[in-house]
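If you read the sequence shown in my numbering, its first letter stands for residue 6, the second for the next number, and so on.
Written below as structure tokens is the structure these notes are about.
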Amino acid sequence: MFKFTLTPEDGAPFEVDADSRDVLQWEKRNKGATLKRLLEELAMADLYKVAYIAAKRQNKFDGTPDEFEASVVLDFDVEEGYDDPSQRGR
6 MFKFTLTPED
16 GAPFEVDADS
26 RDVLQWEKRN
36 KGATLKRLLE
46 ELAMADLYKV
56 AYIAAKRQNK
66 FDGTPDEFEA
76 SVVLDFDVEE
86 GYDDPSQRGR
């Protein structure tokens, strides 16, 4: 769904792929959060949250969300070919 390039202040860049499991966890942790809203209203705070969840799940970051936000530069792409169900039939 999302491909993140994470660049820590003190290290080399690395990639993290956020999939449906990560977006589901983000939705569960944030009242009113939906994939549709995430895609239509890209907010850096939400992208950092999804990237953090994915990085933790993949054992690529060991720290708190605050530490992640303070120490990692985030670059991202929505996965090519992602079929956004909210856009079907428009």
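Every residue gets a Cβ at the ideal spot worked out from N, C-alpha and C, and that includes glycine.
Keep in mind it's a predicted model, so treat the numbers as computed, not measured.
Legend entry - Buried or exposed (CB count within 10 angstroms, at least 16 for buried), valine 100: Missing from the structure shown is residue 100; the chain here goes from 6 to 95 and no further.
Inset, instruction - Could you tell me if aspartate 27 is buried or exposed, where buried requires 16 or more neighbouring beta carbons within 10 angstroms of its beta carbon? - result: buried
Legend entry - Proximity to glutamate 5 [Cα-Cα], best of Phe9, Pro13 and Val77: With the chain covering 6 to 95 only, the question about residue 5 has no answer from this structure.
Inset, instruction - Compare the beta carbon distance of leucine 79 and alanine 56 with 9 Å and say whether it is the shorter of the two. - result: yes
Inset, instruction - Check each candidate in Gly68, Ala50, Glu45 and Met6 and name the one with the smallest Cα separation from aspartate 96. - result: For residue 96 there is no data in the structure shown, the boundaries of the chain being 6 and 95.
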